[in-house]
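Peer 1:
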Amino acid sequence: MFKFQTIKDFINALNRNKKPLTELFNKRSISLRYDDFVNSLEEQEILELDKLIDGNLINVEAGIVSLEEELSDFFEKFLDVRSTINTGMVQDIINGIRQNEAYYLEENVFQKKERYLKDIKKGLKKIEQVLMSQVRVLWESMEQVYKTETNLKIKLSKLQNFREKRDTIEQLVFQLEEIISTGTLFNSLIDGEFKVIVLKVRQALMDTKRNLLGVQENIIKYLAKVQEQSAAYEKLQRIKYLKDQYDLRAKSNIDEILGNQNALFFAGRVGIKTRLSLSYLQTDEGYRAIQKVYQKQEKHSQTPLKLAKPIPQDFFELKDTEQEIFIDIEKLKNIYIAQGGDLFEFVQRFEFDQSITEAKRLTLFCKLISMYGDLLDISDMMQSTNDGIEYATVNLKRL
Amino acid sequence: MDNSTIGDIFDYLRNGHFINDNSNREDERIWFDYLDNPRNFEKVKAYFEQLNLILEKGNGYFYFSKQGNIQTIQSKIETAYKWIDIFDFFRTYDPIFDSGTTFELAKIKVACSEKVLLQEKLNRIEKRKMTDLEKIKQLADELVNADFAVLQPDGEQYKVLSSINYLDRLINLINIQEDATTT
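Protein sequences, first through last, are from chains A and B.
According to numbering that gives the first Met the number 0, the first sequence is numbered sequentially starting from 0.
According to numbering that gives the first Met the number 0, the second sequence is numbered sequentially starting from 0.
(1) Against chain B, which members of the segment 252-286 of chain A pass a CB distance test of less than 7 Å?
(2) Exposed or buried, which one is Pro94 (chain B) when buried takes at least 16 other CB atoms within 10 Å?
(3) Following the continuous alpha helix (DSSP H) through Tyr115 (chain A), name the residue where it begins and the one where it ends.
(4) Tell me whether Arg32 (chain A) sits in a helix, a strand or coil according to DSSP, three-state version.
(5) Would you say the segment 144-154 of chain B touches the segment 117-131 of chain B, given that touching needs at least three Cβ pairs under 8 Å?
(6) Does the Cβ of His16 (chain B) have 16 or more other Cβ atoms within 10 Å, making it buried, or fewer, making it exposed?
(7) Chain A beta carbons: is any one of them nearer than 8 Å to that of Tyr165 (chain B)?
(8) Against chain A, with Cβ distances strictly below 8 Å, would Thr78 (chain B) count as a contact?
(9) If the criterion is Cβ atoms closer than 8 Å, does the pair Thr86 (chain A) and Lys208 (chain A) meet it?
(10) Can you pull the chain A residues whose beta carbon is under 9 Å from the beta carbon of Gly15 (chain B), in chain order?
(11) Hey, could you find the ends of the alpha helix (DSSP H) Lys17 (chain A) is sitting in?
(12) Identify which residue in A:Lys332, A:Gln338, A:Ile52 has its Cα closest to the Cα of Asn16 (chain A).
(13) Grab the span of the alpha helix (DSSP H) containing Val89 (chain A) for me, first residue to last.
(14) Does any residue of chain B have a CB that is nearer than 8 Å to the CB of Gln226 (chain A)?
(15) Determine the DSSP secondary structure at Leu54 (chain B), reduced to helix, strand or coil.
(16) Can you find the residues in the same chain that come closer than 7 Å, C-beta to C-beta, to Leu46 (chain A), ignoring five residues on each side of it along the sequence?
(17) Please report the straight-line C-alpha distance between Gln296 (chain A) and Glu133 (chain B), rounded to a whole angstrom.
(18) Does Thr384 (chain A) have its Cβ less than 8 Å from a Cβ in chain B?
(19) Is the beta carbon of Phe3 (chain A) less than 8 Å from the beta carbon of Ser71 (chain A)?
(20) Counting pairs of Cβ atoms below 8 Å between the segment 193-205 of chain A and the segment 140-147 of chain A, do you hit three or more?
(21) Which residue's Cα is closest to the Cα of Gln90 (chain A): A:Gln228, A:Phe173, A:Asn150?
(22) Would you grab the beta carbon distance between Phe61 (chain B) and Leu52 (chain B) for me? Rounded to a whole angstrom, and I think it's under 8 Å.
(23) Let me see if you follow: with CB-CB separation under 8 Å, is Ile107 (chain B) close to chain A or not?
Laid out in structure tokens, this is it:
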């Protein structure tokens, strides 16, 4: 591991890398991917990056890059932008003030007494800053969780946690108030600077208490709202479940509730039908309206109709294949009954008034079989023509 | 407020719309503020009552209901069931799907791929063959058409309007028998 030799080296390293360090500090609340971070850097900065990682100023874990926690805390502290609530730190400062007060009262050596007093002043100044910043972080965290956390259980738990933190800060405020109002030192010491510091701390305590009341009010409101949301969510889920099981109408009062609901939401809209006002049509304005409608209609009727192209003459001329041929089947059957013999042969040789195609003759053969099947004797014996058409031998039934 | 504005309010509400306090339409917000004054509300309510229409006030919204039964119970059940499905889908995505909540179609699509339950619900509501994003868009359009949400000017984000409280109230009014099976 790389270690900075002097404070100068350390400060210089911070200065040289101020851009990537600032970037990491600004994005400390999100998970920043190492690859994305490297892509945003200049070539020189990438070369320095390994040194920063080796020097424990930057952490890389599971592909996520972040500023070393101690460095982040350090920046937060001096920029007064703490993002975490640390009641333990407040308690430590209060304990320090208490101890130094005891040492101060016990000590007889003037210089040593002064040093304790200096530490007490330092502690008081610190607590004045820290208290309000802790309350601010509490406000912000609470608002953020309420607005952004979508898991109701986690949300409820986090809000309850904030309530506990708020109560702890309140206890610390009480402790500090007690020290200031009952402590021997605070009631006896006459030091202008000390008095000013104590006055400021008293003011900070009042502000903190006022803010803590606001926090409490909001937490109660938010907790109630979350519980209400949670109940509404669960109820909707139950209703949906019963609906999907086709049980909702039987196991709830939905029919009764909807029976009483007459919101237009269910009906769509209220339509209005009106007749023309005759007295309006007799006014000048009405006359103008009639003219307008007339002109519109005129315009509409004058629009030339789109005509199709004329149908070509040859469309009406029947082609040979399409000529209508009428054949009297009944007559054909009677002639066959009179002649007898092979039906296929009969149809093939029959001389019709018009010439007909082979296909048409085949159709007639099939038609005669289907229409007069009971007069015919259809055998299993198959025959075939020169054209490869296979047909069953059909003769007139012998009576 | 002059009579023509009351006419505009009438025309808007008679189409089954809600007047919302958090609408993106400025005229709608002006109508809301006007109706939110109890004196104006009583006056306008009495006026519409002569037309057999009841001006109703909800938490952040106004709407019309009609005197007497307007639809068969079967038709109301069908409407209610459709909204139970849609409301349940969006509340499964975000349990705090409430007035002022914003949502984006692309984010819901991602949530569908991460949450099987959400994907199942989507497929059951919208059975037509289309992409997930198109299905979610259909549901968002339903919300917008019914005045429960509005598309923000950026064209991506939707905002839930106060009228969603109407659905919440409806759900709240339904009492389920104690012994009814739960999920």
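From the three backbone atoms N, C-alpha and C, an ideal C-beta is built for every residue, glycine too.
Peer 2: So, to answer that:
(1) Asn252, Ile253, Asp254, Ile256, Leu257, Gly258, Gln260, Asn261, Ala262, Leu263, Phe264, Phe265, Ala266, Gly267, Arg268, Val269
(2) buried
(3) 109-147
(4) strand
(5) no
(6) buried
(7) yes
(8) yes
(9) no
(10) Ala262, Leu263, Phe264, Phe265, Ala266, Gly267, Arg268, Val269
(11) 17-25
(12) A:Ile52
(13) 86-105
(14) no
(15) strand
(16) none
(17) 43 Å
(18) no
(19) no
(20) no
(21) A:Phe173
(22) Contact doesn't hold; Cβ gap of about 12 Å is too wide.
(23) no
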